[in-house]
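Position 186 (the sequence shown) corresponds to 186 in the UniProt record's numbering; numbering is contiguous. For every residue, glycine included, the Cβ atom is placed at its ideal position computed from N, Cα and C.
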Amino acid sequence: MLLAAALIPAEPAATPVSEWLSRPLFHGGGFDLTVGSLAAAVLLFCLCVLLSMLVRQLLRRYARRYEHVNLSSIYVFGRLMHYLLLLVGVLLALNASGIPIARFTVFAGALGVGLGFGLQAIFNNFVCGVVLLFDRSLKVGDFVDLASGVHGRVRDIHIRATRITTNDDIDVLVPNSEFVNGRVVNWTVREGFRRLKVPFHVAYASDKETVRQAALQAVREVKFTLDAEGDKAPQVRLVAFGEWALQFELVVWLNADATRRPGAALAAYNWALHDALLAHGITIPLPQRDVQLRRPQRAIPVS
C-alpha cells in the first residue's frame with residue numbers, strides 16, 4: 001500500500017503565475033471571470049483588430065500596384081472586412097471570457113429601446129453609411145456638392161460621417177444621413193466631363209460676330225477646356241436683350257481636372273473673357289438709369 005502510494009506521481013504545485021491567472025475577478029450570473037479569461041478576451045480582440053489593419057494595408061498595396069483595380073471596390077471591401085473582424089473579435093472575446101451570449105438578450109432589448117430614442121441619429125447614420133458603401137452612386141474620390149453648401153472630394157466613409165476635403169484643403173465631416181436623405185450633386189459619378197455656362201454682357205453697339213470670335217479666343221487660352229469636337233465644342237449664345245446690354249453666355253465643356261475645381265475654372269474663363277473683349281475693342285457697359293427732375297408746380301389759389 002505504501003509502495004503504490006509512492007508510485008503515484010504527486011500533483012505539481014501551482015506556480016505564482018497560474019495562481020494569478022486563476023484569480024477570480026467577478027462571480028455571479030452563472031459564470032466566473034478570472035484574470036486569465038479576461039486577458040485571453042483582450043488578446044483575441046486585439047488580434048482581430050491587428051488582422052483588420054493588416055488586411056486593409058494589403059488591400060491598399062494591391063491597389064497601388066495594379067492600376068486597373070477599382071479603388072472604390074477595394075475601399076468598400078476593406079471597410080466591410082474591418083466591421084466583420086471587429087464583430088468576430090467581440091464574439092471571440094465574450095466566448096473566451098466565459099460570458100454566455102444568451103445573457104445579452106435582455107441587454108439587446110434595452111439597446112433596441114435606446115436606439116429608438118437617444119441613439120436614433122447614430123443608428124440612422126450607421127445604416128446610411130452601410131447603404132453608401134453598397135450603393136454605387138457615391139464612392140471615394142467623387143467630387144460632390146451638397147444642399148448645405150459643402151462641396152469637395154470624398155475621402156473616407158466612416159460609420160457615423162463621411163469626410164469631405166474641400167478645395168481649400170479643409171476636412172468637413174458630414175453625417176451619412178445627409179447623403180441619403182438630402183440632395184447631392186455628384187460631379188464625377190459617370191465620366192469626368194461637365195458643362196459650364198459663363199454669362200457676360202456687352203454694349204448694344206457691339207458686333208455679334210466679333211463678340212463670338214473674342215469669346216472663342218478666350219476659351220482657347222484656358223487650360224480647363226475639353227479639347228473635343230461635335231456636341232462638346234465651345235458655344236457662344238445670345239440669350240437675352242437686357243435693359244442696357246446684350247446678354248451672352250459662353251458654354252464650354254470642362255476636363256476632369258476642372259470638374260473638381262469649378263470655382264477656379266469659372267474665374268479663369270472670366271479673366272480670359274475680359275482680356276479678349278478688351279483686345280477686340282468691345283465695350284463692357286455699366287448699368288445706366290435716366291433720372292428726370294421736375295420742378296413742382298405752384299398751386300393756383302381758387303378765388
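Listed in chain order, the alpha helix (DSSP H) elements of length 4 or more contained wholly in the segment 118-148 are 120-134.
Linking R56 to N125 through their CA atoms gives a straight-line distance of about 23 angstroms. When DSSP assignments are scanned along the segment 183-239, the uninterrupted stretches of beta strand (DSSP E) that are 3 or more residues long and fall wholly within it turn out to be 184-186, 194-202. The three-state reading of DSSP puts D171 in strand, counting E and B together. Here R261 has N167 as same chain residues with Cβ atoms under 7 angstroms from its own Cβ, once five neighbours each way along the sequence are excluded. Taking the Cβ atoms as the reference, D142 lies roughly 13 angstroms from V150, outside the contact range of under 8 angstroms. In the three-state DSSP reduction, H158 falls in the coil class, being neither helix nor strand. Taking a 10 Å sphere around the C-beta of L80, we find fewer than 16 other C-beta atoms and assign the residue as exposed. Put simply, the segment 269-288 touches the segment 243-250. At least three CB pairs are less than 8 angstroms apart.
Note on geometry: alpha-carbon atoms of Y75 and V144 lie some 18 angstroms from one another. Listed in chain order, the non-local C-beta contacts of V140 below 8 angstroms within the same chain comprise L71, S72, Y75, V154, R155, D156, I157, local neighbours out to five positions each way being set aside. DSSP places L250 inside the beta strand (DSSP E), whose first and last residues are 246-254.
In the three-state scheme derived from DSSP, where H, G and I count as helix and E and B as strand, H274 is classed as helix. The alpha-carbon separation between H68 and F77 amounts to approximately 16 angstroms. With a cut-off of 8 angstroms on Cβ pairs, the segment 211-229 is in contact with the segment 271-278, counting three or more such pairs. Within the DSSP secondary-structure output, T165 pairs in a beta bridge with R153, D171. Taking a C-beta distance under 8 angstroms as the contact criterion, G89 and V49 qualify as a contact pair. Proximity to A276 across L173, Q213, G230, L85 peaks at Q213, based on C-alpha coordinates. Between the beta-carbon of V239 and that of L196 there is about 15 angstroms, and that puts the pair past the 8 angstroms contact cut. T165 sits close to G152, with the two beta carbons spaced by under 8 angstroms. In this structure, the beta-carbon distance from L146 to V202 does not fall below 8 angstroms. K232 and V291 have their C-alpha atoms spaced approximately 46 angstroms apart.
In terms of Cβ geometry, L266 and V198 form a close pair [threshold 8 angstroms].
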